[in-house]
Each structure stands twice: as structure tokens, then as C-alpha cells.
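What follows is the structure, given as C-alpha cells:
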């Protein structure tokens, strides 16, 4: 299987780029326009489309960038003229490097949540989905990584992010997914499970900028 990673650096002077960056729904639609039409309601899953928007830390150079992962190569000619810079590369060899015991660095923007049971919701009035923050969010990611992703975490740093928001065009429903960024190092324990999770994404909100797990080999200093 071929896996593609595309880096888009939107030019914020461009009206369409500015608009897309203000809405997770708008960015989702923009990125889906880079792929063939007519794939039906499960097009994102079929194409393996996941993305993450990253802003440079305050006081550092560089602009906003969009990372797009997909199993089909996107057609960058479908971006509006002067939208920004974009480049695509084949990252399939990364999947072949996964081996038990190998150290990696990771990053993921995830929608860390808790889903109280029906009885708990009735007793406490809790919502069906409760966003997690701080130590609770970190515990969520540790469980996801170690029980469902094939990683044993060796370090973990979390950063709260603004929620992914937008309005769905078909029903005007407001979309909102709380986001936390998790960075750190880990050791691979189950390469096959890790490949599956990397391809499918992790957690909720995968259509709106959550769930893309990025990995790189760990250096001796970062293990």
C-alpha cells in the first residue's frame, strides 16, 4: 500500500486560504476537493484522508502549515491559484520500518473524551461526550497508545488547543471537537496494530483535523 504525506503552506493573503483556516469544516472540504469525485458518503475513509493544522510557536519563524495524509495521491493542481505552496511525498517506506522494540517520536492532535454510561448520565446530567483536559487527557492518550495503538509511551507532553469548529453546509449543524496535542517518544510493541491505527486515525473528529498520528525514528537523545 502506498501512503502519501502532503505539506501545504497556505498563503494567508489569499482569501480562500484565510477562510479555510478559520473553519475545520471548510478545511475538510478544501482537502477533499484534491481527490476524485463521486466516491460516495464514505470517501474520506476510502481515501484514508487525515489532516492536522499546525501553527509555529510564538516568536519562531515560519507560517501555518497543513499536513495531509492519504492513501491516494492528491491532485495539487486542484488548489486555487496562489493558494500557497504544496508538496507531496511517498511515506510508505516508513510503514516498513516499524518493528517491535524500535523507538519513535510521535505527534497527534486528538479529541480526548470520556463517554459516561446511560446510568451515569441520568444520575448526574452529564453529556454523552465529555471533553478531557490536563492529566485526564494525558491518561486518555496513554490508554489509546498502549492498549489500542501498539505503542509503549516513554515520554508525553500535552498542549491544549482551540477546538476544531465549523458549520456543516448540508444541515447547518455546528461542529465542535475539543483538541489536545500530544508529543513525545515511545517504543513500538505491535507493528501491525500501529500500521492499522496510523492509516485509520485515532479517536473522534477525524474529518476535522483530529486523529492524524505522525511518527519519526527516535534519535538516541530523544529515546
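Numbering (full-length UniProt numbering), first residue to last: 1 to 223.
For glycine and all other residues, C-beta sits at the position ideal for the given N, C-alpha and C.
query: Test item: CB-CB of residue 32 and residue 24 under 8 Å; result: no
query: Residue 55 - DSSP class collapsed to helix/strand/coil; result: coil
query: Option nearest residue 224 by Cα separation, candidates 63, 183, 202, 217; result: No answer is possible for residue 224: it lies beyond the span of the chain, which begins at 1 and ends at 223.
query: Touching by the beta-carbon criterion (3+ pairs, under 8 Å), the segment 164-179 and the segment 196-215; result: yes
query: Candidates 140, 96, 128, 159, of which the one nearest residue 194 by Cα; result: 96
query: The segment 101-119 contacting the segment 133-152, beta-carbon criterion three pairs below 8 Å; result: yes
query: N- and C-terminal bounds of the beta strand (DSSP E) containing residue 69; result: 65-70
query: Sequence ranges, beta strand (DSSP E) only - wholly within the segment 134-198, length at least 3; result: 151-167, 174-188
query: Three CB pairs or more closer than 8 Å across the segment 67-87 and the segment 8-28; result: yes
query: Cβ-based burial, residue 1 [other Cβ within 10 Å; buried from 16]; result: exposed
query: Cβ-based neighbour list, residue 51, same chain, cut-off 8 Å, excluding 5 preceding and 5 following; result: 27, 28, 31, 66, 67, 68, 69, 209, 212
query: Within 8 Å, strictly: CB atoms of residue 243 and residue 215; result: Residue 243 lies beyond the residue range present for the chain, which begins at 1 and ends at 223; the question has no answer from this structure.
query: Closest residue to residue 37 among 218, 127, 72 (Cα-Cα distance); result: 72
query: Neighbour-count burial assignment, residue 41, 16 or more Cβ in a 10 Å radius; result: exposed
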